[in-house]
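Protein chains: 2
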Amino acid sequence: MKKNLGVNILLDVYGTLLTDRQRVTLELYYGEDLSLGEISEETGITRQGVMNCIHKSEKKLFELETKLGLIRKFRELSEDIDRLEGLIIQAEMTNREVLAQIDDLMVAIKGKI
Amino acid sequence: MKKNLGVNILLDVYGTLLTDRQRVTLELYYGEDLSLGEISEETGITRQGVMNCIHKSEKKLFELETKLGLIRKFRELSEDIDRLEGLIIQAEMTNREVLAQIDDLMVAIKGKI
Numbered sequence: 007m008k009k010n011l012g013v014n015i016l017l018d019v020y021g022t023l024l025t026d027r028q029r030v031t032l033e034l035y036y037g038e039d040l041s042l043g044e045i046s047e048e049t050g051i052t053r054q055g056v057m058n059c060i061h062k063s064e065k066k067l068f069e070l071e072t073k074l075g076l077i078r079k080f081r082e083l084s085e086d087i088d089r090l091e092g093l094i095i096q097a098e099m100t101n102r103e104v105l106a107q108i109d110d111l112m113v114a115i116k117g118k119i
Numbered sequence: 007m008k009k010n011l012g013v014n015i016l017l018d019v020y021g022t023l024l025t026d027r028q029r030v031t032l033e034l035y036y037g038e039d040l041s042l043g044e045i046s047e048e049t050g051i052t053r054q055g056v057m058n059c060i061h062k063s064e065k066k067l068f069e070l071e072t073k074l075g076l077i078r079k080f081r082e083l084s085e086d087i088d089r090l091e092g093l094i095i096q097a098e099m100t101n102r103e104v105l106a107q108i109d110d111l112m113v114a115i116k117g118k119i
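Respectively, the protein sequence lines represent chains A and B. In case it helps, the working numbering puts the first sequence at residues 7 to 119. In case it helps, the working numbering puts the second sequence at residues 7 to 119.
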């Protein structure tokens, strides 16, 4: 069984919609990086039971993302914010350049007085 | 039974997480503003069944908002964006005022040449 690391962020966003048992199992598996055997020991559920619970919970998380698309929306929003920050820096630089030119001109003008 | 108009926005945000029957019933009740009797006629479900379905679906929507808080987050984000727009307008006005003062100075300086 290969760990799908994208599940961590899904768990972060949709974890409140899982049952306690589903959330705890996924947190132990992905958050604490325990093995199926270790989770089985810790929770008293059989190894097969832990595996089934993880599969079912992952399926639920992926379905939630398909239906609500929050991670996709957050990513798009985050890209927009990055672009906005870029534009603000650009505006600041343009302003600074213009102000620097004005400064130079002031010095030149003062030199002529 | 009093119609809770906040349900419309909950339905908009979380509607994909309801069953088809729950979503359709709420859409007829809130979106199309049909009465319980009219929905009963349209869907072939008893009036009592329609009412139960609406109560159960509303409960599910409110629980989703309690667990995910998307509407609260969207509102907070929307307020931040409004503030950002206000700041941009303020920056533009400040810039314009400074530029207007520079213009005035230029005219005065030109008048002295």
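All C-beta atoms in this analysis are idealised placements derived from N, C-alpha and C, irrespective of residue type, glycine included.
*Three-state secondary structure (DSSP) of glutamate 38 (chain B)*: coil
*Taking C-beta to C-beta, are serine 46 (chain B) and valine 56 (chain B) nearer than 9 Å?*
yes
*Exposure label - leucine 90 (chain B); buried when at least 16 CB within 10 Å*: exposed
*Around the Cβ of valine 63 (chain A), are there at least 16 other Cβ atoms within 10 angstroms (buried) or fewer (exposed)?*
Per the sequence shown, the amino acid found at residue 63 (chain A) is serine instead of valine. Buried.
*Looking at the structure shown, is threonine 100 (chain B) part of a helix, part of a strand, or coil, going by DSSP?*
helix
*Helix, strand or coil: how does DSSP classify threonine 52 (chain A) here?*
coil
*Simplified DSSP state of glycine 75 (chain B), which is helix, strand or coil*: coil
*Assign threonine 31 (chain B) to one of three DSSP states: helix, strand, or coil.*
helix
*chain A contacts from the region 59-70 of chain B (Cβ-Cβ distance under 9 Å)*: Leu70
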